[in-house]
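Asker: Under this note's numbering, think of the first position of the sequence shown as 300, with each following residue one higher.
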Amino acid sequence: MQIEAHHRLNSSEFDSEWLSDRLQQIANFDSAAAAVLIEDAVERSGDEVLREGAVDLALERGEGRIAESHLGELSDGPAKKLRQARLARIRGDSQTANQLEEEALEHLPVAEKIRQKIKSIVRRYDDRLPGKLDPQLANELSESISKISLSQLSDSDRATATLSLNLMKHAIALQTGDISQSAQARGEIESSLGSDHPSLTSLDLKASLTIRTNGIATSDAIESSRIFLENCDDQLQRISMIHTTLEAVGNEPPSWLIDLHKREVSAEIRDDLAIFRRLSAQLWYWRGVLEPHNRLSHWQESIHRFRAAECSDAARELLDRLTQSV
């Protein structure tokens with residue numbers, strides 16, 4: 300498809316709609332190639348939809364300058380403000396980002412407003428350092444979830460939104476120790492995914508790791524994590540489970556867990572997707588914890604990666620910790 304896109308771009312009958320419809324597919328395969336394609340296409344056509352695609356791709360790749368160069372050319376409206384909010388987070392300005400997001404939500408159609416509210420809840424949950432969820436944030440997130448009505452969504456959109464909200468309910472319940480809520484959310488998730496879905500294994504393992512005595516999970520849960528990690532081929536799941544296990548083993552992590560963490564730090568991690576940059580930032584955070592003699596440089600790297608992942612609150616919190624420790 301990449302080659303076809305180049306041919307179409309250089310032909311006399313360039314079809315901007317064709318590229319716009321396939322940009323995400325090309326980016327999933329080769330984000331850098333997609334970035335070159337969309338820049339050439341925008342320069343050639345000046346098409347608004349393609350320019351929006353260029354902004355979205357630049358933001359996802361953490362390329363704030365490129366995103367900004369196109370944002371000024373977009374028509375004013377809620378969609379533009381949402382993109383400006385993402386750019387503000389990359390630059391570490393969460394206050395401006397939140398203000399822009401609130402202004403945009405007031406003018407979005409109902410279905411899109413619901414989707415953006417769910418995205419905002421997930422983002423706020425993710426935009427923090429490893430460790431227990433702050434009780435105030437937990438209450439705010441739970442309240443936001445309770446206010447969302449899915450009745451005006453289509454069946455397919457409602458199913459996706461329901462799953463996202465139940466995953467958030469489960470995560471919050473585990474953090475706050477609400478066993479009843481976590482069990483209820485777990486049941487809803489299984490109903491959505493099916494009882495044999497592989498994601499349930501990691502979900503249940505993370506739940507077992509949150510049951511702790513004196514801050515340490517049971518030996519059975521830790522051993523189950525080791526076995527899971529030995530057999531996990533999915534990099535995202537693997538890194539996430541390493542971090543969950545590091546939180547669950549206390550101040551003296553086993554050597555096998557430290558070795559697994561070092562291996563992931565040394566491995567190649569995609570930097571063209573925000574979710575990978577966030578996990579990479581967490582890797583460097585934990586590297587600073589595990590290697591205190593190099594904490595300054597490791598946490599500086601983590602702060603840089605958190606910002607690139609649009610996690611401005613996590614970056615600011617870590618900067619505060621770093622300043623206090625110097």
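Yeah, the Cβ is synthetic: ideal placement off N, Cα and C, and Gly gets one too.
#1: Excluding sequence positions up to five away, which residues of its chain have a Cβ less than 8 Å from the Cβ of Leu473?
#2: For Arg511, does the three-state DSSP call read helix, strand or coil?
#3: If you compare alpha carbons, which of Gly549, Lys446 and Leu428 is closest to Leu621?
#4: Can you tell me the Cα-Cα spacing of Gly430 and Ser368, whole angstroms?
#5: I need the DSSP call for Ala516, collapsed to helix, strand or coil.
#6: What's the C-alpha gap between Ala353 and Trp598?
#7: Just to confirm, are Asn465 and Ser491 a CB contact at a threshold of 8 Å?
#8: Just to confirm, are Gly371 and Ile389 a CB contact at a threshold of 8 Å?
#9: Have a look at Glu551, Leu502 and Ile526 and flag the residue whose alpha-carbon is nearest the alpha-carbon of Gly514.
#10: Just reading off the alpha helix (DSSP H) that Gly549 is part of, what are its end residues?
#11: Exposed or buried, which one is Ala357 when buried takes at least 16 other CB atoms within 10 Å?
#12: What would DSSP say about His406, mapped onto helix, strand or coil?
#13: Take the Cβ of Trp555 as the centre, count every other Cβ of all protein chains shown within 10 Å, and call the residue buried at 16 or more, exposed below.
#14: For the pair the stretch 392 to 404 and the stretch 604 to 612, tell me if three or more CB-CB distances fall below 8 Å.
#15: Cutting at 7 Å between CB atoms, please list the residues of its own chain near Ile337, excluding the five before and the five after it.
Answerer: Short version:
#1: The count along the sequence shown starts at 1 and reaches residue 473 at position 174. Cβ within range, chain order: Ser481, Lys505, Ala506 and Thr509.
#2: One-based indexing of the sequence shown puts residue 511 at position 212. Reduced to three states, the DSSP call for Arg511 is strand.
#3: The residue you call residue 621 lines up with position 322 of the sequence shown. For the residues Gly549, Lys446 and Leu428, the minimum Cα distance to Leu621 belongs to Leu428.
#4: Counting from 1 along the sequence shown, the entry for residue 430 is found at position 131. Counting from 1 along the sequence shown, the entry for residue 368 is found at position 69. Gly430 and Ser368: Cα-Cα distance of roughly 37 Å.
#5: The residue labelled residue 516 in the question sits at position 217 within the sequence shown. Ala516 falls in the strand class under three-state DSSP.
#6: Start at 1 with the first residue of the sequence shown, and residue 353 comes out as number 54. Start at 1 with the first residue of the sequence shown, and residue 598 comes out as number 299. Distance between the alpha carbons of Ala353 and Trp598: 31 Å.
#7: Counted from its first residue, the sequence shown places residue 465 at position 166. Counted from its first residue, the sequence shown places residue 491 at position 192. If you check the CB distance, Asn465 and Ser491 come in under 8 Å.
#8: Position 72 of the sequence shown, counted from the start, is the residue given in the question as residue 371. Position 90 of the sequence shown, counted from the start, is the residue given in the question as residue 389. For Gly371 and Ile389, no; Cβs fall outside 8 Å.
#9: On the sequence shown, residue 514 is found 215 positions in, with the first residue counted as 1. Minimum Cα distance to Gly514 is reached at Glu551.
#10: In the sequence shown, the residue the question calls residue 549 occupies position 250. Here Gly549 belongs to no alpha helix (DSSP H), and DSSP marks it neither H nor E.
#11: Sequence index remark: in the sequence shown, residue 357 carries index 58 (1-based). Looking at its Cβ environment, which holds 16 or more other Cβ atoms inside 10 Å, Ala357 is buried.
#12: By one-based count along the sequence shown, residue 406 stands at place 107. Reduced to three states, the DSSP call for His406 is coil.
#13: Within the sequence shown, residue 555 is the residue found at index 256, counting from 1. Result: exposed.
#14: With the cut-off at 8 Å, the stretch 392 to 404 and the stretch 604 to 612 touch.
#15: Counted from its first residue, the sequence shown places residue 337 at position 38. Excluding residues within five positions, the ones whose Cβ falls inside 7 Å are Leu322, Leu349, Gly352, Ala353 and Leu356.
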